[in-house]
Amino acid sequence: MEILNVVDYVKFYKTAQNVNLRGANLSCAYLSGADLSNTNLSHADLSHADLSGAYLSGVYLRGANLSYANLSNANLSNANL
Numbered sequence: 247m248e249i250l251n252v253v254d255y256v257k258f259y260k261t262a263q264n265v266n267l268r269g270a271n272l273s274c275a276y277l278s279g280a281d282l283s284n285t286n287l288s289h290a291d292l293s294h295a296d297l298s299g300a301y302l303s304g305v306y307l308r309g310a311n312l313s314y315a316n317l318s319n320a321n322l323s324n325a326n327l
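Reading the sequence shown from the start, the letters are residues 247 to 327 in our numbering.
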């Protein structure tokens, strides 16, 4: 049985509430509809990630790379941008 690291877990299960993913490489990740509420994504690489319809309420995104990320219909209420 292979053990997933946190980044792989998020990519596979598309959930990570209240997790510290500071500096994580999530570039090109398919996270459509993911629940990442209250997650620390500061300085994370989310370039080209699909976050459409994702629940990003309360996330911390300071310094994150969101270049070409798809944020259509994402819930960014109370997000720290």
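Glycine residues also receive a C-beta, built at the ideal position from the N, C-alpha and C atoms.
Reduced DSSP secondary structure (H/G/I, E/B, other) of residue i
| i | result |
| --- | --- |
| Tyr301 | strand |
| Asn324 | coil |
| Met247 | Its pLDDT being 41, under 50, Met247 is placed unreliably by the model, and the measurement read from it follows with that caveat. Residue state, collapsed to three classes: coil. |
| Tyr306 | strand |
| Asn319 | coil |
Close Cβ partners of residue i (< 6 angstroms) along its chain, the five nearest in sequence each way excluded
| i | result |
| --- | --- |
| Lys257 | Ala275 |
Classification of residue i by the beta-carbon crowding that lies within 10 angstroms, buried from 16 upward
| i | result |
| --- | --- |
| Asn271 | exposed |
| Tyr314 | exposed |
| Leu327 | exposed |
| Asp254 | exposed |
Neighbourhood of residue i by C-beta, 8 angstroms cutoff - its chain only, sequence neighbours within 5 removed
| i | result |
| --- | --- |
| Glu248 | Summary for Glu248: the model assigns pLDDT 45, below 50, so the residue's position carries little reliability; its value from the coordinates is reported in the next sentence. For Glu248, where only same-chain residues beyond five positions count, there are no Cβ hits under 8 angstroms. |
| Ser288 | Arg268, Gly269, Tyr306, Leu307, Arg308, Gly309, Ala310 |
| Ser283 | Gln263, Asn264, Tyr301, Leu302, Ser303, Gly304, Val305 |
Contact set for residue i: own chain, Cβ-Cβ below 7 angstroms, skip 5 residues either direction
| i | result |
| --- | --- |
| Asn266 | Asn286 |
| Gly299 | Ser278, Gly279, Asn319, Ala320 |
| Ser323 | Ser303 |
Those runs of the beta strand (DSSP E) which lie wholly inside the segment 253-283 and span at least 3 residues: For the segment 253-283, not a single whole beta strand (DSSP E) run of length 3 or above is found.
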